[in-house]
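Residue numbers (our numbering): 1311 to 1429.
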């Protein structure tokens, strides 16, 4: 399989594929059964659009059950997310995965210091 840059892959999208990708990104994820209805295309055409976007690695597709029926959940690929904003040097923000974070904690203070010294 040849890996193509995201911008190149997006530049080569058809109008329907571009609309589909935009829908997935705007919703943050959508069930395939709703995907084709939202795009106002047939389920067959909707499936083809999703298959093309998956092949181009622009969306991820997982099997799921929705409203009692087997379908797929279509989500933006992780590369659309920018995790650098959560980092200070090589430290991940202490707010990730914690229910409550004490802003006076050593972990938070150290993270802030790392962030300050990055500049």
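Where is the CB? At the ideal position from N, CA and C, for every residue including glycine. Predicted model only: the values in this text are computed from it and were never measured.
Residue 1378 to residue 1343 span [Cα, whole Å]: Using only the alpha carbons, I get a separation of about 12 Å.
Can you look up residue 1387 in the DSSP assignment and give me helix, strand or coil? Note: residue 1387 maps to coil in three-state DSSP.
If I follow the unbroken beta strand (DSSP E) through residue 1364, where does it start and stop? Run containing residue 1364: none in the beta strand (DSSP E); it sits in the alpha helix (DSSP H), 1353 to 1365.
Express the C-alpha separation of residue 1340 and residue 1371 in angstroms, rounding to a whole number. Their Cα atoms are separated by approximately 10 Å.
Find the nearest neighbour of residue 1388 within the set 1324, 1405 and 1364, judged by alpha-carbon distance. Here the closest residue by C-alpha is 1364.
If you draw a straight line from the alpha carbon of residue 1334 to that of residue 1376, how long is it in whole angstroms? Straight through space, the alpha carbons of residue 1376 and residue 1334 are spaced by roughly 17 Å.
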